[in-house]
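Just below is one structure, and these are the notes that go with it.
Number of protein chains: 2
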Amino acid sequence: MADRNSPIGVFDSGVGGLTVVREIMRQIPDERIIYFGDTARLPYGSKSRDTILRYTRQNIRFLMAQDVKAIVIACNTATAFALETVEKELSVPIIGVIHAGAKTAVESTRNNKIGIIGTEGTIRSGVYTKVMQAMKKDIEVIGKACPLFVPLVEEGLLHDTVTDEIASRYLSELKGKFIDTLVLGCTHYPLLRSTVGRVMGPEVNLVNPAYETALELKQVLTDNSLMCEVKDQSQDKYRFYVSDLAENFTNFAASILPGQVKETKQINIEQF
Amino acid sequence: MADRNSPIGVFDSGVGGLTVVREIMRQIPDERIIYFGDTARLPYGSKSRDTILRYTRQNIRFLMAQDVKAIVIACNTATAFALETVEKELSVPIIGVIHAGAKTAVESTRNNKIGIIGTEGTIRSGVYTKVMQAMKKDIEVIGKACPLFVPLVEEGLLHDTVTDEIASRYLSELKGKFIDTLVLGCTHYPLLRSTVGRVMGPEVNLVNPAYETALELKQVLTDNSLMCEVKDQSQDKYRFYVSDLAENFTNFAASILPGQVKETKQINIEQF
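Written out as structure tokens, the structure reads:
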């Protein structure tokens, strides 16, 4: 059974969640981590609540089978559609990426106008609005789905005129609303931070929930007496699993976590 | 059990295969059709052979459970990765979209230089090269993966400067090789026909395998004494199933098959 020296389980639809893993490694470097990327069924952002809930439950069953002591849903869409339901079903602490990012945005806005960009699913769910207005009721939240951002990132067009043009179109509506804070509500989007920042201008504060999520995780582990007490120096400290194309994942992962992802194992997630 | 008046089963990863269904309806209008779009697991083009083979077998099991008399794989990636294997496992005729398109391209080229555009999976498989060189050994085949085309189509940017720019980049290599024939090797691509045609110029002949696949199906049904002999005028003649977001599918389908897709049912494909 899981104890305080067991690993933390983290999952996402693919590689994007590694931006969250990177922050966890920085904030709580002694923790062991098991990561699962559901590359056989990605993307999550264009799919329905019911389907994402079913996938989330399978991903959690896989992680629980590895005796994790806590789970991080490192995917905004899965957090939006499934966290509220699955947290009632679990015996270990579970957090998503929305609460921490929403809290930072609410604390940093001066004019109470916050923008949120994400997948179709995340924006359609309205979860950021709900969470932020529960924290501060006169917050105005303007959401915008940016479905081409993930394919553009995966095509490697991080700094490109096409990406600039698409970003200008997606973000023009948000600029017109004079937001002073923008949440990067998809784990791929921090990789487009410079493009988004240039389009929005220096007066708009960009919030990357990955950093805040790692801090929230540290707090949750502390509150539950689950902080790791041993120093694991083995190869096994960080383990990576995917449901498809392990080699491609390992290659892409190297750009987010240089030197950390030496091997990725493939599993059949439909069996969980 | 399936007889000559049973429906034809057609599947694709999503809506793209409806461009094949449209041609089947035109060429053999008396045939009943059952269509399945695997919207819970799309796209197929970026995933591995093993995963696509597993998905293809599940899709076929679903269609066989509806007593289809023949199956059309209306997806280039699934044809590339799975047709050769699954045709040995089946008791009914099965065809894909690659053979017919390859045949037309080989018959129409004058300079023996043929281009093929498709998903990562289709291009990586090398199947078009193999099939076309088996038909005519001195054919030179130049393949190019165009991973952003499907997201651009799904974002509705069929006639747009961004799509023009991406098409120019993807196709410049093919233009430099002086091909005279280009196969649109993904079922979404006929929707970008005018953009691709403008970039390639009027001297390059564009081949859409959907049309040729419908003709091949008609021949296969005739050869196997499986042409339908009744006129089904019921609502039930064309049936559409998906694994996720049936309503979105119905809406998008209206742009490919106006008036034909009245209702789409959702199933859990992982149970097959």
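Chains as they are written, first to last, in the working numbering: chain A, 1 to 272; chain B, 273 to 544.
Just so it is clear, CB atoms sit at the ideal spot from N, CA and C, and this is done for glycine as well.
Output needed for residue i: all residues of its chain with C-beta closer than 7 Å, excluding positions within five of it in sequence on either side, in chain order.
i, result
"I451 of chain B", "K385, I386, G387, I414 and V476"
"L430 of chain B", "L463 and L464"
"Q27 of chain A", "A214, L215 and K218"
"N232 of chain A", "One detail in the question is off: residue 232 of chain A reads as Asp in this sequence, not Asn. Answer for D232 of chain A: R32, listed in chain order."
"L529 of chain B", "L290, V293 and R294"
"K509 of chain B", "R304"
"A254 of chain A", "V261"
"A274 of chain B", "D339, V340, K341 and V364"
Just the C-alpha distance for residue i and residue j, rounded to the nearest angstrom, thanks.
i, j, result
"F285 of chain A", "A65 of chain A", "Only positions 1 to 272 of chain A appear in this structure, which leaves residue 285 of chain A out of reach."
"A518 of chain B", "V533 of chain B", "11 Å"
"M404 of chain B", "D410 of chain B", "9 Å"
"F512 of chain B", "Y307 of chain B", "5 Å"
"K47 of chain A", "A80 of chain A", "12 Å"
"E535 of chain B", "V425 of chain B", "23 Å"
"I389 of chain B", "V378 of chain B", "15 Å"
"E173 of chain A", "A100 of chain A", "25 Å"
"R326 of chain B", "N111 of chain A", "52 Å"
"G197 of chain A", "S234 of chain A", "39 Å"
"I166 of chain A", "K360 of chain B", "46 Å"
"L226 of chain A", "D30 of chain A", "12 Å"
"I95 of chain A", "V242 of chain A", "21 Å"
"S194 of chain A", "Q266 of chain A", "33 Å"
"M25 of chain A", "A102 of chain A", "22 Å"
"N268 of chain A", "S13 of chain A", "14 Å"
"L362 of chain B", "L90 of chain A", "43 Å"
"Y442 of chain B", "G259 of chain A", "32 Å"
"N354 of chain B", "A82 of chain A", "Just to set this straight, residue 354 of chain B is Ala in the shown sequence, not Asn. Each residue's alpha carbon lies about 33 Å from the other."
"K177 of chain A", "K449 of chain B", "49 Å"
Identify, in the order they occur along the chain, each residue of the same chain with its Cβ nearer than 8 Å to the Cβ of residue i, setting aside the five sequence neighbours on each side.
i, result
"V150 of chain A", "G16, P43, G45, T119, C186 and H188"
"S380 of chain B", "T453, N477 and V479"
Sort the options by Cα distance to residue i and report the nearest one.
i, options, result
"K175 of chain A", "A:T163, A:P202 and A:E155", "A:P202"
"E23 of chain A", "A:F11, A:M227, A:Q266 and A:L215", "A:L215"
"I370 of chain B", "B:A439, B:M407, B:T494 and B:Y510", "B:M407"
"E270 of chain A", "B:E303, B:A274 and B:A312", "B:A312"
"L290 of chain B", "B:G428, B:C500, B:K360 and B:A346", "B:A346"
"D223 of chain A", "A:L83, A:T51 and A:V92", "A:V92"
"E356 of chain B", "B:I389, B:R321 and B:S278", "B:R321"
"G309 of chain B", "B:L420, B:G531, B:I528 and B:F521", "B:F521"
"Y483 of chain B", "B:P279, B:V292 and B:S285", "B:V292"
"P7 of chain A", "A:D244, A:K103 and A:L221", "A:L221"
"S125 of chain A", "A:L171, A:A78 and A:M25", "A:A78"
Ordered along the chain, which non-local residues of its own chain (more than five positions away) have a Cβ less than 6 Å from that of residue i?
i, result
"N480 of chain B", "L456 and P462"
"F524 of chain B", "V287"
"A145 of chain A", "E120 and I123"
"G9 of chain A", "I34, L63, V68 and I71"
"T104 of chain A", "V207 and E212"
"T435 of chain B", "L424, L429 and T467"
Between residue i and residue j, how many whole angstroms is the CB-CB distance? I'm expecting something under 8 Å.
i, j, result
"T328 of chain B", "V358 of chain B", "6 Å"
"F11 of chain A", "N76 of chain A", "Actually they are not in contact, since the Cβ atoms of F11 of chain A and N76 of chain A sit about 13 Å apart, beyond 8 Å."
"S168 of chain A", "V199 of chain A", "6 Å"
"E501 of chain B", "R333 of chain B", "So it is not a contact: roughly 27 Å between Cβ atoms."
"E155 of chain A", "P419 of chain B", "6 Å"
"D516 of chain B", "T51 of chain A", "5 Å"
Continuous beta strand (DSSP E) assignments of at least 3 residues falling wholly in the stretch 372 to 444 of chain B
385 to 390 and 412 to 417
Quick check on the DSSP output: what are the complete beta strand (DSSP E) runs of length 3 or more inside the stretch 169 to 214 of chain A, in order along the chain?
181 to 184 and 205 to 207
At what residue ranges does the stretch 494 to 539 of chain B contain a whole run of the alpha helix (DSSP H), taking only runs of 4 or more?
518 to 528
Where in the stretch 302 to 360 of chain B do unbroken runs of the alpha helix (DSSP H), each at least 4 residues long, occur, reported from the N-terminal end onward?
321 to 336 and 348 to 358
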